[in-house]
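J.: Sequential numbering of the sequence shown, starting at 1, is according to UniProt numbering. Starting off with a structure, shown below.
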Amino acid sequence: MSYKYLWTPLQLGPVTTRNRIVFSAHLTNYARNGKPTEQHSAYYAARAAGGAGLIITEEHSTHPTDWPYEKLIHGFHRDVIPGYRNITSAVHQHRTPIFAQINHNGGQASSMYSRLPVWAPSAVADPLFREVPKAVTQSDIDDIIAGYVTVAENCAEGGFDGIELQCSHSSIVRGFLSPATNKRTDQYGGSLSNRARLLLDISSAVRKAIGNDLALGVRLCGDEFIEGGTTIEEAIEVAKLVEASGNVDYINTSIGVATASLFMIEASMHIPPGYATFIPSAIRKAVDLPVVGVGRFKDPLQAERALADGHCDLVGVVRGQIADPDFAAKARAGATDDIRLCLSCNQECVGRMGLNRWLGCIENPQTGREAEWKTTQHVKLSPTPAHVLIVGAGPAGLQAAIAAARNGHRVTVLEKENAAGGQVRLAASVPNRAEFGDLIRNQLTECKRLGVAIEYGVSAWPGLVLERNAQHVVVATGAEPQQPWWVAGEGVTIGVADVRHVLDGSADPFGTVVIIDEIGFHHATSVAELLADRGCNVEIVTPGMVVGQDLGITLDMENWLIRAHAKGIVQSTDLVPMGLAGNELTLLHHPTGMNDTRTPDWVVLAVPPQPVEWLYHDLSSNTALRDAGITVSRVGDAVAPRRAHAAVIDGERIGSSF
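Structural data, given as structure tokens:
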């Protein structure tokens with residue numbers, strides 16, 4: 001496809017972007033002791049090297065009262081400046097402009113780290129943090145504005161090309177703009193012009209501090225999706241006020257509120273790409289300033305379409321460039337099929353943030369380790385290429401193949417099925433989860449590029465391994481379902497199947513189905529939707545306090561609850577399966593110690609599997625292989641059943657060791 005808009009530069013005040021692809025601001029948790037690190041520099045530099053048109057860093061706190069999470073950059077201290085210079089120098093080597101986003105999160109925070117009251121326009125507790133903030137005084141407001149100025153000056157001294165004021169989904173400025181959180185009756189409350197006063201005062205003060213040599217942008221929330229909150233109509237009026245001030249060079253956009261409708265900000269694969277384009281589209285029609293659009297753009301064709309249709313002037317591509325730093329360069333070279341497409345699974349990016357871990361990626365083991373890879377020269381071509389034989393074409397086996405081939409080895413993958421993917425292939429077959437299959441598609445594309453040979457319908461055994469003359473063998477045979485102790489009852493007339501059997505078609509539950517959720521992720525919920533769509537009466541039972549408890553980490557919980565209600569799926573918690581007998585399932589309600597029963601037609605198990613490890617043990621104990629000097633390793637679920645990110649990391653670690 002020819003791109004008419006994507007590769008054209010754009011002027012943002014004094015700054016010219018390389019193209020229209022923006023690596024927008026997002027949390028990384030890479031900071032240490034309030035300061036940026038070498039990992040920041042390597043992370044942003046990798047995206048600059050990969051062709052991003054503009055990079056906007058994560059937020060930099062503007063005030064000591066703003067410390068909502070541990071690993072935040074404290075931009076108000078001058079000791080951040082050397083780290084800033086490292087970041088900007090690394091990015092500028094690739095001729096890419098870089099802006100710093102600066103922010104005060106206001107009432108969308110906690111006093112846990114700062115030990116100071118959180119500040120907000122009014123004493124309205126945030127629904128997530130549930131902490132009543134201090135309603136700021138005029139003196140506090142003056143201090144807030146001064147803090148923005150200080151951080152902007154530090155960023156300018158640190159070599160940044162521009163400043164972005166975060167006024168959207170998590171910001172004290174958003175708190176002032178929103179009627180839902182601003183209940184003031186003074187000059188900062190009531191009318192829209194009053195509620196926008198802090199934003200305009202900050203932008204004026206920052207512009208005066210940085211002069212006209214740096215670009216200045218504002219990120220606005222177009223719709224909060226909360227009762228009584230900011231709507232697109234009000235956001236348009238705010239954008240007009242921002243433009244009329246004459247202080248701002250561009251407007252970035254966002255959707256939702258980080259602590260009330262976060263699932264709209266970083267939407268998972270359950271929400272269509274481009275879902276938020278109505279916001280930049282509406283704002284762009286009302287102002288002449290360049291407008292950035294966001295909303296799960298995962299491939300360059302979607303980005304080009306948003307530009308061509310006039311929705312925005314630049315496109316924010318965050319998770320797409322987390323997954324593949326070379327997103328832009330590959331697209332520009334016409335190698336769109338080689339892009340490692342983001343899955344929008346939110347497991348290692350958004351999910352790790354919620355667990356206070358540093359940002360990673362389920363399919364890119366380099367993400368979060370860029371500085372480490374740079375230091376250790378992770379990719380090393382072997383002076384004596386070997387033959388590496390890998391058994392199993394799931395995510396662990398394929399990643400091991402990629403890593404070994406990258407190091408110059410000849411790699412063969414044996415897969416007993418007629419298609420690659422293992423459990424990922426099944427996971428992608430359920431409602432709203434098809435994009436998860438891009439993990440395997442991306443790996444197969446890379447295997448093809450590196451010349452990895454994949455043979456399907458081949459089962460491995462020690463004799464075959466010897467025949468293949470491999471120097472290294474990697475066992476990636478995955479895991480298999482196991483039945484828990486309580487399933488073996490007398491005279492059981494209830495059908496019993498694992499979720500995997502439902503997905504591969506070897507079991508076809510009907511009628512009333514009880515699903516046992518002991519994993520707490522998509523396994524039970526996805527199959528529940530599948531069976532409900534087939535007409536079954538479905539109940540999910542879990543020993544936990546909530547069904548699919550880890551869905552909250554990936555921002556899938558809200559949408560799951562909406563769909564479950566619409567499909568009539570019953571959710572029952574705090575129930576431990578105790579046994580099957582005849583047509584009855586016995587459950588223990590552990591808070592009360594009382595037994596409960598169900599009489600379903602089928603029980604479907606979403607329970608932890610067990611590793612398929614017999615081949616590894618056979619090979620590793622085989623005298624002939626040992627005498628031949630053949631090394632045997634295992635990866636992924638064949639070691640210990642975990643989620644896909646662990647399989648990919650295992651494969652990368654073992655494959656790159658050869």
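Cβ coordinates follow ideal geometry from the N, Cα and C atoms, glycine included. No experiment lies behind these values; they were computed from the predicted model shown.
Bridge partners for residue 162 per DSSP, in chain order?
T.: DSSP output for residue 162 lists 99 and 215 as bridge partner(s).
J.: Would you be able to state if there are at least three C-beta pairs under 8 angstroms between the segment 63-71 and the segment 404-421?
T.: no
J.: Under 7 angstroms Cβ to Cβ from residue 201, same chain only, skipping five residues before and after it: list those, please.
T.: 145
J.: Can you confirm whether the segment 223-236 touches the segment 80-89 when touching is taken to mean that 3 or more C-beta pairs between the two stretches lie within less than 8 angstroms?
T.: no
J.: Rounded to the nearest angstrom, what separates residue 321 and residue 23 at their Cα positions?
T.: Pairing residue 321 with residue 23, the inter-Cα distance amounts to about 7 angstroms.
J.: Distance, Cα to Cα, residue 213 vs residue 249?
T.: 12 angstroms
J.: Do residue 72 and residue 34 have their beta-carbon atoms positioned less than 8 angstroms apart in this structure?
T.: With a cutoff of 8 angstroms on beta-carbon distance, residue 34 and residue 72 are scored as near each other.
J.: Could you work out which residue in 630, 612 and 623 is closest to residue 636 when comparing CA atoms only?
T.: 612
J.: Look at the alpha carbon of residue 578 and the alpha carbon of residue 492, and state the distance between them as a whole number of angstroms.
T.: 14 angstroms
J.: Leaving aside the five residues before and after residue 445 along the sequence, list all residues of the same chain whose C-beta is less than 7 angstroms from its C-beta, in chain order.
T.: 337 and 338
J.: How many angstroms separate the CA atom of residue 289 from the CA atom of residue 533?
T.: 47 angstroms
J.: Using a threshold of 8 angstroms, state whether the C-beta atoms of residue 15 and residue 162 are closer than that.
T.: yes
J.: Going by DSSP in three states, residue 113 sits in which element: helix, strand or coil?
T.: coil
J.: According to DSSP, residue 542 sits in a beta bridge with which residue or residues?
T.: In the DSSP output, where bridge partners are listed per residue, residue 542 has none listed.
J.: Taking only runs that begin and end inside the UniProt domain "FAD/NAD(P)-binding" (387-498), name each unbroken alpha helix (DSSP H) of 4 or more residues, in chain order.
T.: 395-406, 423-427, 438-450 and 462-467
J.: What does a CB cutoff of less than 6 angstroms around residue 672 pick up in its chain, not counting 5 residues either side in sequence?
T.: The question about residue 672 has no answer here: the residues shown for the chain are numbered 1 through 658.
J.: Which residue wins for smallest C-alpha separation from residue 553, given the options 387, 435 and 267?
T.: 267
J.: Within a Cβ cutoff of 7 angstroms, which residues of the same chain sit near residue 125, ignoring the five residues on either side of it in sequence?
T.: 131 and 132
J.: Excluding the 5 residues flanking residue 479 on each side, which residues of the same chain have their C-beta closer than 7 angstroms to its C-beta?
T.: So the qualifying residues of the chain are 609, 610, 611, 612, 637 and 641.
J.: Under the three-state reduction of DSSP, which class applies to residue 293: helix, strand or coil?
T.: strand
J.: Would you call residue 591 buried or exposed, if buried means 16 or more other Cβ atoms sit within 10 Å of its Cβ?
T.: exposed
J.: Does DSSP put residue 382 in a helix, a strand or coil?
T.: coil
J.: Verify whether the separation of the beta carbon atoms of residue 95 and residue 18 is less than 8 angstroms.
T.: yes
J.: Helix, strand or coil: which one does DSSP assign to residue 340?
T.: Coil at residue 340, not helix or strand.
J.: Near residue 157, what residues of its chain come up, given a Cβ to Cβ distance below 6 angstroms and the 5 sequence neighbours on each side ignored?
T.: 81
J.: At 4 residues or longer, what runs of the alpha helix (DSSP H) sit wholly inside the segment 251-331?
T.: As far as the segment 251-331 is concerned, its whole alpha helix (DSSP H) runs of at least 4 residues are 262-265, 278-286, 300-308 and 319-323.
J.: Put residue 150 into one of helix, strand or coil per three-state DSSP.
T.: helix
J.: Could you give the residue range of the alpha helix (DSSP H) that holds residue 234?
T.: 232-245
J.: Are three or more beta carbon pairs between the segment 642-650 and the segment 387-402 nearer than 8 angstroms?
T.: At 8 angstroms Cβ cutoff, the stretches touch.
J.: Out of 605, 574 and 601, which has the shortest C-alpha to C-alpha gap to residue 594?
T.: 574
J.: Looking at the structure shown, is residue 35 part of a helix, part of a strand, or coil, going by DSSP?
T.: strand
J.: In three-state terms, what does DSSP make of residue 601?
T.: coil
J.: Are residue 469 and residue 387 close, meaning C-beta to C-beta below 8 angstroms?
T.: Taking 8 angstroms as the cut-off, the Cβ atoms of residue 469 and residue 387 count as close.
J.: For the alpha helix (DSSP H) containing residue 650, list its first residue and its last residue.
T.: 644-655
J.: Which same chain residues, not among the five before or five after residue 193, have their C-beta less than 8 angstroms away from its C-beta?
T.: 241
J.: With DSSP collapsed to three states, give me the class of residue 366.
T.: coil
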